[in-house]
Each structure stands twice: as structure tokens, then as C-alpha cells.
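K.L.:
Pasting in a structure now, in C-alpha cells, and then I'll have a few things to ask.
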Amino acid sequence: MNDMAQGDPTVVGCILAGGLARRMGGCDKPLLPLGGKVLLAHMIESLRPQVGTLMLNANGDPGRFAGFGLPIAADPVNGFVGPLAGVLAGMRWAEENVPEATHVASAAADTPFFPDDLVARLRASLGEETGVAIAACGGKRHSVFGLWPIALANDLEGWLADPDNRKVLVWVERHHNLSVDFPPREGHDPFFNINTPEDLAEAERMLAGAGQPTGASLHDTAKTEASA
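Under the working numbering, residues 17 to 244 are what the sequence shown spells out, in order.
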């Protein structure tokens, strides 16, 4: 694999894998098996065609992801402070490596069913405006799936310098922003994410077409902000 993709050349895709995965016992969630391949492989296959360049935000030893051929950037803020640190990592990596890029599109590494038109619809919603576009389903915002102007990198870095500033949507609301609602996929939230062994088993059933996710398993924005 290489990091080049075939989608929007002005968008860098950033797969967020920098969390601690406490509810999975602290394991590397992106390397968990699902449907004959690991979660990260599902994410790469879905996001690569949507962006111009693809990279991975991950902390710790980058060698464990070497087989995927993606450039890797760790959080530029110490202490596992949440998804915004991963977004900032993507912004800073893009500034150094893809100077023509204007936006970073983020996607959580534990959400294998997200839409294949995610980036196109987020980008179209903004038009020529400068702002943040966040994915939603059924009116619920999924703040780790967003399109972020790289021009806001300094503002985000300054915001994260305050240890009290960690909530994704609080920072988003400081800027022009909008939500883009995506329809359910075969009756379930396309942003269903895998936080627990039970969620992983549910995802296997979904892939096999043997069932739908329960309400308790649907992606919860507040939980994701705390644990991603």
C-alpha cells in the first residue's frame, strides 16, 4: 500500500487511532479482526478513494502499523487528550507534506461502516465557505467524522494548550460550522463504532447480514470524545 489515493487532492484523510481503547482492555483496536481482515484495513479501503492522501494518527510504537504503508503522525499534544489532538496531528502533517491541501478529513479507526461519500458530501456542504463540517445521522452529530480547514491549525493548537479544553464540539462552535446528515445504512447508524467486545461481535453479525445493531451499540458522541 502507499499513501496516495484517488479522491479530492486538496483533502488529506486522517484515520484517528490515537486513543487508549480502555473499554477493549487497552488493546490496539485498529488491529482487531473483523470479517477476515483487521479494522484498519476496512478503514483504509473506505477512506482512501475519497481523499488525495491518506495518513494515520497513532501514538506509541509506529512499527506496529508498518505493514499498512501509511505515514504516521503522533498527537502533538501530550497526555492522550482526545480526538482534537489527532485532528491537529493531521493538520500539521498536511502542512509539511501536502502543501496544496486545504482540509483534513478525519475518521475514527473503529467505525468500519461509515459512508463512501463522506468526504464529498462534507466538502460540498461547505462550498467556498471556510468552516468545519461535521457528519451526523438522525440529527446526532458524530464529531470525529469531520472536514477541518488546515488554516485553523494554529487556533486549534492554542485551544488545546489549555488542559480544560478537550471537547470537540465546544471548539467547533467557536467557528463557522454545519452538520451534514447521512441516512441510516440498512437500518443502522453508519457511524456505529466498536468500543467493546460486544460491539465487535455485533459488527461481525452486521457484516454477515445476520442482524442489526442495538440502540445501546450506536455511536455516542460524548463517549467517543472521552475515549477516542
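All residues carry an ideal CB built from backbone N, CA and C; glycine is no exception.
Please classify Arg80 as buried or exposed, where buried requires at least 16 other C-beta atoms within 10 Å of its C-beta.
P.N.:
With fewer than 16 other Cβ atoms from the protein chains shown falling within 10 Å of its own Cβ, Arg80 counts as exposed.
K.L.:
Within 10 angstroms of the Cβ of Gly29, are there 16 or more other Cβ atoms? Answer buried if so, exposed if not.
P.N.:
buried
K.L.:
Please go through the same chain and pick out, in chain order, the residues whose beta-carbon is closer than 6 Å to the beta-carbon of Ile31, but skip the five residues on each side of it.
P.N.:
If we look at Ile31 and ignore the five residues flanking it on each side, its Cβ neighbours are Met59, Leu72, Ala123 and Ala125.
K.L.:
Would you kindly report the start and end of the unbroken alpha helix (DSSP H) that includes Asn170?
P.N.:
First-last of the alpha helix (DSSP H) with Asn170: Ala169 to Leu176.
K.L.:
Is Leu134 near Phe96, with beta carbons less than 8 Å apart?
P.N.:
no
K.L.:
Write down the C-beta distance between Leu163 and Leu138 rounded to the nearest angstrom, noting that I regard them as a contact closer than 8 Å.
P.N.:
4 Å
K.L.:
Could you tell me which of Gly155, Ala57 and Gly52 sits nearest to Pro199, measuring between CA atoms?
P.N.:
Answer by Cα proximity: Gly155.
K.L.:
Note down, one range per segment and in chain order, each beta strand (DSSP E) of at least 3 residues found wholly within the segment 69–100.
P.N.:
Restricted to the segment 69–100, not a single beta strand (DSSP E) segment is unbroken, complete and at least 3 residues in length.
K.L.:
Among the residues of its own chain, which have a CB less than 8 Å from the CB of Pro165, if the five just before and after it don't count?
P.N.:
Counting only residues of its own chain and dropping the five nearest sequence neighbours on each side, Pro165 has a CB closer than 8 Å to the CB of Thr118, His119, Thr146, Gly147 and Val148.
K.L.:
Go ahead and pull the three-state DSSP assignment for His58.
P.N.:
Correct three-state label for His58: helix.
K.L.:
I need the boundaries of the beta strand (DSSP E) containing Leu216, first residue and last residue.
P.N.:
Per DSSP, Leu216 belongs to no beta strand (DSSP E); it is in the alpha helix (DSSP H), Pro213 to Ala224.
K.L.:
Excluding the 5 residues preceding and the 5 following Ser141 in the sequence, name in chain order all residues of the same chain whose CB lies nearer than 7 Å to its CB.
P.N.:
For Ser141, where only same-chain residues beyond five positions count, the Cβ hits under 7 Å are Ala149, Leu194 and Val196.
K.L.:
Where does Lys183 sit, in a helix, a strand or coil, going by DSSP?
P.N.:
In this structure, Lys183 counts as coil in the three-state DSSP scheme.
K.L.:
Tell me whether Asn94 is buried or exposed, calling it buried when 16 or more other Cβ atoms sit within 10 Å of its Cβ.
P.N.:
It counts as exposed.
K.L.:
Could you work out which residue in Ala224, Leu216 and Gly225 is closest to Leu47 when comparing CA atoms only?
P.N.:
Leu216
K.L.:
Quick one: what's got a C-beta closer than 6 Å to Pro25's C-beta in the same chain, skipping five residues either side?
P.N.:
Gly68
K.L.:
Please go through the same chain and pick out, in chain order, the residues whose beta-carbon is closer than 6 Å to the beta-carbon of Trp109, but skip the five residues on each side of it.
P.N.:
Here the set comprises Met71 and Ala89.
K.L.:
So, is Gly98 buried or exposed, given that buried needs 16 or more other C-beta atoms within 10 angstroms?
P.N.:
buried
K.L.:
Just verifying my parser: in three-state terms, what is the DSSP assignment at Arg157?
P.N.:
strand
K.L.:
How big is the Cα-Cα spacing for His158 and Phe130?
P.N.:
11 Å
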